[in-house]
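**Q** Under our numbering, the sequence shown is numbered contiguously, ending at residue 1120.
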Amino acid sequence: MTASRETAGSDPAPPAWVRRPASLARAVTAELVERIVRGVHPPGTPLPPEPALCETFSVSRTVVREAVKILQEKGLVQVRQGSGTMVTPPATWDMLDELVLTATIAEDESLAILDDLVVTRRVLESDMANVAARLAGPDTVDQLRALVDHMDELVDDPVTYAESDRAFHDTIMRASGNRIARGVVRSLEGQVVNTARYLGRTERALCVASNLGHRRIYERIAAHDPEGAAEAMFRHITDAWIVRRSGTADPVRLQR
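#1: Could you check how far apart the C-beta atoms of ILE969 and LEU978 are, in whole angstroms? I think they sit under 8 Å.
#2: Note down, in chain order, each residue of its chain lying with its Cβ closer than 8 Å to the Cβ of ASP1089, except the 5 sequence neighbours on either side.
#3: Using the Cα positions of ALA955 and LEU940, report the straight-line distance between them to the nearest angstrom.
#4: What first and last residue would you give for the beta strand (DSSP E) that runs through MET950?
#5: Need the endpoints of the alpha helix (DSSP H) that GLN945 sits in, please.
#6: If we ignore side chains and look at the alpha-carbon of each, how far apart do ARG902 and GLU919 end up?
#7: Can you tell me where the alpha helix (DSSP H) with LYS933 in it begins and where it stops?
#8: So, under 8 Å CB-CB, VAL1019 and ASN1058 are touching, yes? Tell me the CB distance rounded to an integer number of Å.
#9: Can you give me the start and stop residues for the alpha helix (DSSP H) that GLY1054 sits inside?
#10: Mind the definition here: the region 980-999 touches the region 1033-1052 only if three or more C-beta pairs lie below 8 Å; say whether that holds.
#11: Report the three-state DSSP secondary structure of ILE1106 (helix, strand or coil).
#12: Taking only three categories from DSSP, how would you classify PRO846?
#13: From what residue to what residue does the alpha helix (DSSP H) around ASP1016 run?
#14: Whose CA, out of PHE1032, GLU1027 and LEU999, lies closest to the CA of GLN1007?
#15: Use the C-beta contact count for THR871: other C-beta atoms within 10 angstroms, 16 or more gives buried, fewer gives exposed.
#16: Identify the continuous alpha helix (DSSP H) that holds ASP972 and give its terminal residues.
#17: Going by beta-carbon coordinates alone, are THR949 and LEU888 separated by less than 8 Å?
#18: For ARG985, which three-state DSSP category applies?
#19: What does the alpha-carbon distance come out to for the pair VAL943 and PRO906?
#20: Following the continuous alpha helix (DSSP H) through LEU1063, name the residue where it begins and the one where it ends.
#21: Nearest to VAL928 by CA position, among TYR1062, HIS1014, THR1024 and LEU896, is which residue?
#22: Consider the C-beta atom of PRO954 and the heavy atoms of the ligand GTP; say whether any pair is separated by less than 7 Å.
#23: Going straight from the alpha carbon of GLU914 to that of VAL951, what length do you get?
#24: Return the residue from the list ILE1106, GLU971, LEU917 and LEU1011 that minimises the CA-CA distance to ILE1081.
#25: Compute the beta-carbon to beta-carbon distance between ALA1086 and ILE1036, rounded to the nearest angstrom, for a pair I have assumed lies under 8 Å.
#26: What separation, rounded to the nearest whole angstrom, lies between the Cα atoms of GLN1119 and ARG1099?
#27: Need the endpoints of the alpha helix (DSSP H) that PRO954 sits in, please.
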């Protein structure tokens, strides 16, 4: 009996193996999301049947069914009795989902999806800046001033500058008290923050010009000027994106 236990225990199954079906389902889901977004499986057409998907990905029916379930939750497919699993139009896709948004950005040569992302961010952050100007206490104002002053010292270090940039915006969002709007912005930003197509060029002149926009926002919040804070935020996000989107360094536009 002892020998049997030793033999059985000498080659234990890896702990990760227990989670293998779930991991496989996520991997299959990620690949299918990319294929759907790329148009390999166009809207209005059925996904390949279960046996074909099993063969394509070398997985069981259980894994395929779990992947299809996840796709349905993301709004990319609809399971219809008698018709199979149909790919849905892009209008039904969950664009806040990381896989869907990442795949869509990768395929969108026009940058239209990033335009939409920036518009969404601009609307929400402008409103939050308005509210922050009404609610911000001395501690928040001091924190914003410290961040702006620190960013003036970081203009030669774009990576560290970007971290303080995000902290500045997040401080304003937290001061607004709007947890839902902040959550949406943080989710969107978190999925594109390291995307070259979103970041554009990074150089000293652009950091200098960008921080002038931050200082204008800070000054309006410190002055408890809601409309001025909202306008400064709107202008800052708009102009910064136009410069990044064009791929042409134009710090003059950000300084106006």
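Glycine included, C-beta positions come from ideal geometry on N, C-alpha and C.
**A** In terms of the structure at hand:
#1: 6 Å
#2: ALA997
#3: 9 Å
#4: 948-951
#5: No alpha helix (DSSP H) contains GLN945, which DSSP labels as neither H nor E.
#6: When the Cα atoms are used, ARG902 and GLU919 turn out to be separated by approximately 21 Å.
#7: Counting along the chain, the alpha helix (DSSP H) containing LYS933 begins and ends at 925-937.
#8: Between ASN1058 and VAL1019 the Cβ distance is about 20 Å, and since that is not below 8 Å, they are no contact.
#9: 1043-1056
#10: yes
#11: Three-state DSSP puts ILE1106 in a helix.
#12: Here the chain covers residues 865 to 1120 and nothing more, so residue 846 does not appear.
#13: 1002-1016
#14: PHE1032
#15: Model confidence at THR871 stands at a pLDDT of 40, short of 50, so the residue's coordinates are unreliable; what they give is reported in the following sentence. So THR871 ends up on the exposed side.
#16: Membership of ASP972 in any alpha helix (DSSP H) is not indicated, and neither H nor E is assigned to it by DSSP.
#17: no
#18: helix
#19: 15 Å
#20: 1060-1063
#21: LEU896
#22: This structure lacks the ligand GTP, and indeed carries no ligand of any kind.
#23: Answer to the nearest angstrom: the Cα atoms are 14 Å apart.
#24: LEU1011
#25: About 12 Å separates the two Cβ atoms, so there is no contact after all.
#26: Low confidence applies to GLN1119: its pLDDT is 48, below 50, so where it sits in the model is not reliable, and the reading given next is rough at best. Between GLN1119 and ARG1099, the C-alpha separation is close to 11 Å.
#27: Looking at the DSSP string, PRO954 is not in any alpha helix (DSSP H), and its letter there is neither H nor E.
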